[in-house]
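When you read off a place in the sequence shown, starting at 1, and then add 5, the result is the number in my numbering.
A virtual CB, placed ideally from N, CA and C, is assigned to each residue, including glycine.
Reading through the structure tokens given below for one structure.
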Amino acid sequence: MDYPWLKHYPEGVPHSIEYPAVGLYQLLKDTASSHPEYLAMTFNEQDTTYGELNEKVDRFAAVLAGAGIGKGDRVALMLINSPIYVIAFFALMKLGAIAVNLSVGITGAELAACLNNAGAKMAITLDLFAKNLYRVIKNTCVEKVILHSVFGMEQKIVVDEGVLPPQVYADLMAQADAAGGPAAQVSPGDVAVLQHTSGSTGAPKAAALTHANLLASIYQSNSWVGAKDAGNKAVVCAIPFFHVFGLSACLLISVLKGYRMLLLPRMDAMDILSLSKMLKTYKPISFPAVPSLWRAILSLSDEETREYLSSIHVGTSGGAPLPPELYRRYRSVTGSNIVETYGLSEASSATHMTPYPEGGPVGSVGVPLADVQAKIMDLETGLRECPPGEIGEMVIKGPQVMKGYWNDPELTAAKLRDGWLYTGDLARIDQDGFFYLVDRKDDMIISQGFNVYPGQIEEILKVHPAVLDAAVVGVDDRLRGQAIVAVIVLKEGAQAKKDELMAYCKQHLPDYRVPKTILIRDVIPRDPAGKLLRRVLRQDVREA
Numbered sequence: 006m007d008y009p010w011l012k013h014y015p016e017g018v019p020h021s022i023e024y025p026a027v028g029l030y031q032l033l034k035d036t037a038s039s040h041p042e043y044l045a046m047t048f049n050e051q052d053t054t055y056g057e058l059n060e061k062v063d064r065f066a067a068v069l070a071g072a073g074i075g076k077g078d079r080v081a082l083m084l085i086n087s088p089i090y091v092i093a094f095f096a097l098m099k100l101g102a103i104a105v106n107l108s109v110g111i112t113g114a115e116l117a118a119c120l121n122n123a124g125a126k127m128a129i130t131l132d133l134f135a136k137n138l139y140r141v142i143k144n145t146c147v148e149k150v151i152l153h154s155v156f157g158m159e160q161k162i163v164v165d166e167g168v169l170p171p172q173v174y175a176d177l178m179a180q181a182d183a184a185g186g187p188a189a190q191v192s193p194g195d196v197a198v199l200q201h202t203s204g205s206t207g208a209p210k211a212a213a214l215t216h217a218n219l220l221a222s223i224y225q226s227n228s229w230v231g232a233k234d235a236g237n238k239a240v241v242c243a244i245p246f247f248h249v250f251g252l253s254a255c256l257l258i259s260v261l262k263g264y265r266m267l268l269l270p271r272m273d274a275m276d277i278l279s280l281s282k283m284l285k286t287y288k289p290i291s292f293p294a295v296p297s298l299w300r301a302i303l304s305l306s307d308e309e310t311r312e313y314l315s316s317i318h319v320g321t322s323g324g325a326p327l328p329p330e331l332y333r334r335y336r337s338v339t340g341s342n343i344v345e346t347y348g349l350s351e352a353s354s355a356t357h358m359t360p361y362p363e364g365g366p367v368g369s370v371g372v373p374l375a376d377v378q379a380k381i382m383d384l385e386t387g388l389r390e391c392p393p394g395e396i397g398e399m400v401i402k403g404p405q406v407m408k409g410y411w412n413d414p415e416l417t418a419a420k421l422r423d424g425w426l427y428t429g430d431l432a433r434i435d436q437d438g439f440f441y442l443v444d445r446k447d448d449m450i451i452s453q454g455f456n457v458y459p460g461q462i463e464e465i466l467k468v469h470p471a472v473l474d475a476a477v478v479g480v481d482d483r484l485r486g487q488a489i490v491a492v493i494v495l496k497e498g499a500q501a502k503k504d505e506l507m508a509y510c511k512q513h514l515p516d517y518r519v520p521k522t523i524l525i526r527d528v529i530p531r532d533p534a535g536k537l538l539r540r541v542l543r544q545d546v547r548e549a
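Rendered as structure tokens:
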């Protein structure tokens, strides 16, 4: 392969990897066999060893098998990062069933659409979220519900006639066969996870990720930044496991390596006290996070930040572009470089990373990982490869690219062309082989005949000393085609008027990028992984 980025590969990182032809359950089985005494997870200061985890997985697999769940059946997981997610996920993998990852924040018609699209026979959730599920369950194909009772709320759930009441996880586990049963025969090409992703359109679609896809993803990442001989070191698991970044970079790679998962049920930048205590107490080796979480930890004093991050072998940022000021701040405080990643649900998480430990150019998402090919194609036809510097659509080919969209052959054909995944992300490549993410193709604004990329405006706005967060969307405009609207969240105690912010934009942006309107809000809508929900923001702006 003659690609310009290969010269940037870290020393010792192969250009191609051999991947084991096994199912994901084998990861847990191997680690539990070789190191049963290693701590697998810590949750609310309660520890579970890998030996104990494997026993619980066997027991819960027996519960699921007894409930009629077998190979190929789809089971929805509506769970925060908690022991029950880990146990349920690997129990499904043992049975050859398919985990349907759903955000705990999904409700109403969207929840029903996701469940029906997947054909989920069962849902596993917490009593905190069961009410949302039971509001729509009669309109879905879900036959059984297992919930983990935290507050006993299952006793207050109103169950309609003809709908089975939920079963409680603890009760089922107490009655289960401790020996479990044999693992199903799983082929690497079998679907393991349906990862729902709505992109910018708002229409849920499920990327069908195979065992081989997810294994390739974690082996690629491990070859790039994995620590050697780290033993039973800890990993901060703050990114939700129902998000592909959390599933791959936190859960699966931890089980592969025998790491201790520090489970955080909320990924809330406001809950910085819990996170900082965890960093100080457990001295984790790995901290995968999204920019909002990095901003929270890096906003502390130099002394605190240095102390909390002193044990980190690799700090990883993904889910959204990392603002350059956070990259520089991390480097100035720690003396090392944060590893920025690019990936997407359809590619089982990361496809690009900045070189480790030397880092890459500020603003770059790095270079393709082992066995990944990437190029930039023109926006008009998708057939012409763009030269360095030209903005086009990122397309990717590699062993982690999804099998297709579940139950959607037309969309699969549109997105997967001759093995290349058309990501919908606008990007460019420089002469040296580094890739730069520009924006989502669907989010590009055409104003006064110019292509305007919201991310470029947001980056400028976030540098303003009074601005905590910023987002930019386009709305229909009779004269401009689309008008640019900027939504701003001010830092606590900061004072900035709209005309001051507008003057700042005019000073730092060309005329065609200056927002027509600036709105100040208390919060900008983001998903649990920190990704901006532009479709929600557009609706808010239209109604303003």
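Please report the straight-line C-alpha distance between residue i and residue j, rounded to a whole angstrom.
i, j, result
"LEU29", "LYS380", "30 Å"
"LEU278", "GLU312", "14 Å"
"PHE250", "GLY498", "33 Å"
"VAL541", "VAL240", "32 Å"
"PRO88", "THR47", "8 Å"
"ALA294", "VAL68", "34 Å"
"GLY56", "LEU44", "9 Å"
"PRO530", "GLU115", "17 Å"
"ALA135", "LYS503", "42 Å"
"GLU363", "SER341", "8 Å"
"TYR5", "HIS20", "This structure gives no information on residue 5, because the portion of the chain shown stretches from 6 to 549."
"PRO326", "ILE450", "18 Å"
"VAL27", "ALA217", "8 Å"
"LEU33", "GLY409", "26 Å"
"TYR264", "LYS238", "5 Å"
"GLY348", "TYR224", "15 Å"
"ASP532", "ALA181", "36 Å"
"ARG140", "SER350", "28 Å"
"GLN200", "VAL105", "6 Å"
Mind checking if residue i is an interface residue toward chain D, Cβ cutoff 8 Å exclusive?
i, result
"ALA67", "Checking the listed chains, one finds no chain D in this structure; it contains a single protein chain."
Ignore the nearest five residues each way along the sequence and tell me which others in residue i's own chain have a CB closer than 7 Å to its CB.
i, result
"GLU463", "ALA475, ALA476 and VAL477"
"PRO25", "LEU220"
"SER205", "Unreliable positioning characterises SER205 in this predicted model, as indicated by a pLDDT of 42, which lies under 50. The coordinate reading is nonetheless provided below. If we look at SER205 and ignore the five residues flanking it on each side, its Cβ neighbours are ARG445, ASP447, ASP448, ARG539 and ARG540."
"ASN122", "PRO209, ALA211, TRP411 and ASN412"
"ILE142", "VAL168"
"PRO170", "VAL164"
I'd like to confirm the pairing. Which residues does DSSP put opposite residue i in its beta bridges?
i, result
"LYS149", "MET127"
"HIS201", "ALA211"
"LEU421", "LEU426"
"VAL400", "LYS380 and TYR427"
"ARG445", "ASP430"
"HIS357", "TYR347 and PRO373"
"PHE250", "For PHE250, which the question treats as bridged, DSSP gives no partner whatsoever."
"VAL240", "MET266 and SER291"
"GLU390", "MET382"
"LEU82", "ASN106 and ILE129"
"ILE558", "Lying before the first or after the last residue shown, residue 558 is absent from the chain, which here runs from 6 to 549."
"THR522", "VAL490"
"ILE450", "VAL457"
"ILE410", "The question names Ile, but residue 410 is Tyr in the sequence shown. In the DSSP output, where bridge partners are listed per residue, TYR410 has ALA212."
"PHE48", "GLN51"
Find the nearest neighbour of residue i within the set the options, judged by alpha-carbon distance.
i, options, result
"VAL198", "LEU169, LYS288 and THR215", "THR215"
"PRO211", "ASN237, VAL338, ALA352 and ASN86", "According to the sequence as given, residue 211 is Ala; it is not Pro. Comparing Cα-Cα distances from ALA211 to each of ASN237, VAL338, ALA352 and ASN86, the minimum goes to ALA352."
"SER192", "MET98, LEU84 and TYR509", "MET98"
"ILE151", "LEU327, GLY110 and LEU177", "LEU177"
"PRO404", "LEU431, LEU138, LEU416 and ILE22", "ILE22"
"SER354", "PHE455, PHE246 and GLY424", "PHE246"
"LEU280", "VAL480, SER322, CYS119 and THR310", "THR310"
"ALA491", "CYS510, ALA432, LEU484 and GLU345", "CYS510"
"PRO393", "ASP430, GLN436 and TRP425", "GLN436"
Return the chain-ordered list of same chain residues with a C-beta closer than 6 Å to the C-beta of residue i, the five sequence neighbours on each side being excluded.
i, result
"GLY365", "THR359, GLY371 and PHE439"
"LYS126", "ASP78 and GLU148"
"ASP307", "VAL338"
"LYS61", "ILE92"
"LYS467", "PRO328 and ALA475"
"GLY320", "PHE292 and ILE343"
"LEU314", "THR339"
"LYS536", "GLY324 and ALA325"
"ALA66", "ALA96, LYS99, LEU100 and GLY185"
"LEU261", "LEU32 and ILE223"
Suppose the cutoff is 8 Å on Cβ atoms and the five residues either side in sequence are ignored; what does the same chain contact list for residue i look like?
i, result
"MET507", "VAL519, PRO520 and ILE523"
"ASP482", "SER452, ALA488 and LYS521"
Next item on the list: Mind the definition here: the segment 332-346 touches the segment 292-306 only if three or more C-beta pairs lie below 8 Å; say whether that holds.
Entry: The segment 332-346 vs the segment 292-306: in contact.
Item checked: Sufficient close CB pairs (3 or more, under 8 Å) joining the segment 380-391 to the segment 226-235 -> Output reads no: the segment 226-235 does not touch the segment 380-391.
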